[in-house]
Amino acid sequence: MLVLSRHRDESIMIGDNIVITVVDIRGDKVRLGIQAPSDVPVHREEVYEAIKRENATREQKATV
Numbered sequence: 112m113l114v115l116s117r118h119r120d121e122s123i124m125i126g127d128n129i130v131i132t133v134v135d136i137r138g139d140k141v142r143l144g145i146q147a148p149s150d151v152p153v154h155r156e157e158v159y160e161a162i163k164r165e166n167a168t169r170e171q172k173a174t175v
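Throughout the sequence shown, residue numbering follows this note's numbering, covering 112 to 175 in sequence.
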């Protein structure tokens, strides 16, 4: 894992077309802005895990 320090309004580039910007810092919470092409899905981790579980359930039902 790469760990970087950034201040408010500073950004991190991922490849040529994904930009992560620190929008705000309040106490122990950091707000991030993410710019990515529309074909790149961006989800919070818990939402991503829920989508994976739902897709696995659908695949199991389709094979029955």
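Ideal Cβ placement from N, Cα and C applies to all residues, glycine included.
Keep in mind that this is a model prediction, so the values were computed, not measured.
Discussion item. Count Cβ pairs between the segment 125–133 and the segment 147–156 that sit closer than 8 Å; are there 3 or more?
Written reply: Result yes; three or more Cβ-Cβ pairs closer than 8 Å.
Discussion item. Going by DSSP in three states, R169 sits in which element: helix, strand or coil?
Written reply: Helix, per DSSP.
Discussion item. If you reduce the DSSP assignment to three classes, tell me which class V133 lands in.
Written reply: The three-state secondary structure of V133, taken from DSSP, is strand.
Worksheet item: Who does M124 pair with in a DSSP beta bridge?
Response: Partner(s): V130.
Worksheet item: To the nearest angstrom, how far is it from the Cα of V175 to the Cα of V153?
Response: Roughly 31 Å between the two C-alpha positions.
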